Amino acid sequence: MRAVRRILLVLLAMLVVAAIGLAALAATTPGGMQQAMRDVRRGVRETLGLPKFWYDVRKVAKASGAAVACPDPAVTLTIVTGGQSNSGNSVEGRTASDPGEQLFVFDAGKCFVAADPMAGASGKRGSLWPDLGRRLHAATGRPVLFINGGIGGFQVADWLDRRSGYWDNLAGRVAAARQLGFEPGWILWHQGETDASTGISPERFERELGQLTRDLLAAAPRAKLYLFQTTLCSSPRNLAGVPPLRAVQQAIADANPRIVAGLNTDTLDGRYRWDGCHFNAAGRDAINAEVARDLLAAG
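Take the sequence shown: its letters are residues -26 to -1, 1 to 273, numbered as in mature numbering (1 follows the signal peptide of the UniProt record, and there is no 0).
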């Protein structure tokens, strides 16, 4: 036991020394100090195998209003959404629907009229999804049911670490919907910004994202996965996006016939984002116009 403690102390000392040098270097760049300290904290946590301060999934948005009768599963387009904040409730401006539009969200084993903030995801703002559902319903005449699970600010690895609760939050909803006959036709996954901010290697990102996509497709065996290409946000490392990580997202899609290489949202600049990272109404419109075309074309 003492030997283990000595090893841990040595590792911590090495990390502290590295932190001092890193902080000194980082102080010369805008936002560098904050990024350096995040790197140090992450290094200590990963080295020692400590749990992360994960978002409490009990705090995800809940459906508003009274439950309504679920649509006929046989004709419903069931869509799973997930990833991080841009897949959740972080879009500027809320949108909603009325019962006649046949847009639903699945929560607590029941169906509700779709409205932001969308149940199952973190955040209190708007989302991409009621607007996308409206476009798909207009084109197909089918009811659209969303099952959501996006959690803001976290990495792919956090979805793989079952201690976070992220996987169980989403997979449990999917399983409950499937028991009622709602087989997902699509999984829409928007994640990569936080990984890009950490300086993760493309090799590690490929391992982790590859595993997550396999898990997602296993949880919804009849679904296709629409994998957005996304890395851009507001940290010093990803202000302009990270092309090597987008290449990983593209390669993972190319290697699996059930995965569609989705829209590259890094092409959407500040005109489409309210804070340099999260989308505004113009961003929502631009994204959903393209995504709706892609989904309809893929069948």
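Where is the CB? At the ideal position from N, CA and C, for every residue including glycine. Because the structure is a prediction, the values reported are computed rather than measured.
Residues in the same chain with beta-carbon distance under 8 Å from residue i, minus the five sequence neighbours each way, listed in chain order, please.
i: S71; result: L77, V87, A88, A89, P104, G107, R108
i: D268; result: Y200, V234, G236, L237
i: Q224; result: Q203, A235
If you compare alpha carbons, which of the options is closest to residue i?
i: P231; options: Y200, I261, D132, N238; result: Y200
i: L206; options: G184, Y246, A227, A192; result: Y246
i: D249; options: L213, A260, L270, Q223; result: L213
i: A37; options: A48, A93, L154; result: A93
i: Q198; options: L162, K98, Y140, S59; result: First, the amino acid is wrong: residue 198 is Lys here, not Gln. Ranking L162, K98, Y140, S59 by Cα distance to K198 puts L162 first.
i: residue 281; options: Q153, A149, V79; result: As displayed, the chain neither begins before -26 nor continues past 273, which places residue 281 out of reach and without an answer.
i: R32; options: G97, A43, K84; result: G97
i: A263; options: T239, T52, A194; result: T239
i: L183; options: R196, E167, P195; result: E167
i: A260; options: G273, F120, D243; result: D243
i: L191; options: F179, E157, R211, F253; result: E157
So, is residue i buried or exposed, given that buried needs 16 or more other C-beta atoms within 10 angstroms?
i: S175; result: exposed
i: P91; result: buried
i: R12; result: Residue confidence is low: R12 scores 49 on pLDDT, short of 50, so the model does not pin down where it sits. No coordinate-derived value is stated.
i: G(-6); result: Reliability of the predicted coordinates at G(-6) is poor, the pLDDT of 48 falling under 50, and no value is obtained from them.
i: D189; result: exposed
What residue does the alpha helix (DSSP H) around residue i start on, and which one ends it?
i: N238; result: Premise fails: N238 lies in the beta strand (DSSP E), 233 to 238, not in any alpha helix (DSSP H).
i: Y140; result: 140 to 153
i: G257; result: 255 to 272
i: I125; result: Where I125 is concerned, there is no enclosing alpha helix (DSSP H), given that its DSSP letter is neither H nor E.
i: T241; result: From DSSP, T241 is part of no alpha helix (DSSP H); its letter is neither H nor E.
i: E167; result: 167 to 172
So, for residue i: in the same chain, excluding its five sequence neighbours on each side, which residues have a beta-carbon less than 6 Å away from its beta-carbon?
i: G67; result: G100, A255
i: V(-10); result: Residue placement at V(-10) is poorly supported in this model, since its pLDDT is 45, which falls under 50; the coordinates still yield a value, given next. Cβ within range, chain order: n/a, list empty.
Using a Cβ-Cβ cutoff of less than 7 Å, which residues in the same chain neighbour residue i once the five nearest sequence positions on both sides are dropped?
i: R258; result: V65, L102, D105
Quick check on the DSSP output: the beta strand (DSSP E) that includes residue i runs from which residue to which?
i: residue 328; result: What is shown of the chain runs -26 to 273, which leaves residue 328 out entirely.
Sorry if obvious, but does the Cβ on residue i come closer than 6 Å to a heavy atom of the ligand COA?
i: V65; result: Among the components modelled here there is no ligand, and therefore nothing to report on the ligand COA.
Runs of 3 residues minimum, wholly inside the stretch 35 to 107: which ones carry the beta strand (DSSP E) assignment? Under the rule that a run must span 3 or more residues, the beta strand (DSSP E) segments found entirely inside the stretch 35 to 107 read 51 to 57, 77 to 81, 84 to 87.
Which runs of the beta strand (DSSP E) fall wholly inside the stretch 184 to 238 and span at least 3 residues, in chain order? Runs of the beta strand (DSSP E) lying entirely within the stretch 184 to 238, each at least 3 residues long, are 198 to 203, 233 to 238 in chain order.
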